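A.B. asks:
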Amino acid sequence: GIQVEQSPPDLILQEGANSTLRCNFSDSVNNLQWFHQNPWGQLINLFYIPSGTKQNGRLSATTVATERYSLLYISSSQTTDSGVYFCAVERSDTGNQFYFGTGTSLTVIP
Amino acid sequence: NAGVTQTPKFRILKIGQSMTLQCTQDMNHNYMYWYRQDPGMGLKLIYYSVGAGITDKGEVPNGYNVSRSTTEDFPLRLELAAPSQTSVYFCASSYSGEGDYGYTFGSGTRLTVV
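These protein sequences, in sequence, are chains A and B.
Numbers 1 to 110, taken from my numbering, label the letters of the first sequence in order.
Numbers 111 to 224, taken from my numbering, label the letters of the second sequence in order.
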């Protein structure tokens, strides 16, 4: 399978601060998604971003497929941003099989 | 619109017992998946299905079985529970094809094998 590494593993932020989460992957991919797992365990799809840049409110993501990495930016963080952020990638020869990283655990303190 | 519904939410099994984790989706997604999440780890794919009557193994299929008789339902069967199967299990569904798949997860089943 594809190796997916995320950094940092843990992050503590003061409310209002900005952060950048990174995802490196070991092989060419045709799909990359970012997910947020809230403290209650629910997983939400944030971005479908195999390449380029997307923005959704305070969150944005950039994927540079040729260099095999993706970045998730969180601006003006809020306590509701706390949880674990996962990057997941898919290769065209594996069907719709996603390989997940081990995540970045984010805690935003008031 | 319920999305992806998993039952039960919690379960304790004794070693050697069997059980079925239920998963139903009402979005007419043709792709469905089962993942497990061990503490502090990402998700690993157990089995997936690209449509009714078609299933395939993922990264960690040993000890599990699945079936897909309808578009809506994708149950996961544990035949002889082992402590190594203690985990949180997530079902997910998506559209097929290129582009944004509309990937949607259920709320999970926390299974403990003792």
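Just so you know, even glycine gets a beta-carbon here, dropped at the ideal spot from N, CA and C.
As the structure is a prediction and not an experimental result, all values here were calculated from the model.
Under the three-state reduction of DSSP, which class applies to B/GLU182: helix, strand or coil?
C.D. replies: Looking at B/GLU182 - three-state DSSP - the assignment turns out to be coil, as it is neither helix nor strand.
A.B. asks: Across the segment 186-196 of chain B and the segment 80-94 of chain A, are there enough close Cβ pairs to call them in contact, namely three or more that are closer than 8 Å?
C.D. replies: These segments do not touch.
A.B. asks: For the beta strand (DSSP E) holding A/TRP40, just list the boundary residues, first then last.
C.D. replies: A/TRP40 -> no beta strand (DSSP E), and no H or E assigned at all.
A.B. asks: So does A/LEU59 have its beta carbon nearer than 7 Å to some heavy atom of the ligand PLP?
C.D. replies: Judged by which ligands are present, the structure shown has none, so any question about the ligand PLP falls away.
A.B. asks: Would you list the one or two residues that DSSP bridges to B/LEU221?
C.D. replies: Answer by DSSP bridge pairing, in chain order: B/ARG121, B/SER197.
A.B. asks: If you check the beta carbons only, do B/LEU186 and B/TYR174 fall under 8 Å apart?
C.D. replies: Yes, they are a contact pair.
A.B. asks: Which chain B residues are close to A/THR102, counting only those with a beta carbon under 8 Å from its beta carbon?
C.D. replies: GLY150, MET151, GLY152, listed in chain order.
A.B. asks: Under the rule that 16 or more other beta-carbon atoms within 10 Å means buried, what is B/SER203, buried or exposed?
C.D. replies: Looking at its Cβ environment, which holds 16 or more other Cβ atoms inside 10 Å, B/SER203 is buried.
A.B. asks: Report yes if the CB atom of A/TYR99 is closer than 8 Å to the CB atom of A/GLY1, and no otherwise.
C.D. replies: A contact, by the Cβ cut-off of 8 Å.
A.B. asks: Taking the beta strand (DSSP E) that A/ASN24 belongs to, which residues open and close that run?
C.D. replies: It spans 19-25 - the beta strand (DSSP E) in which A/ASN24 sits, taken as one unbroken run.
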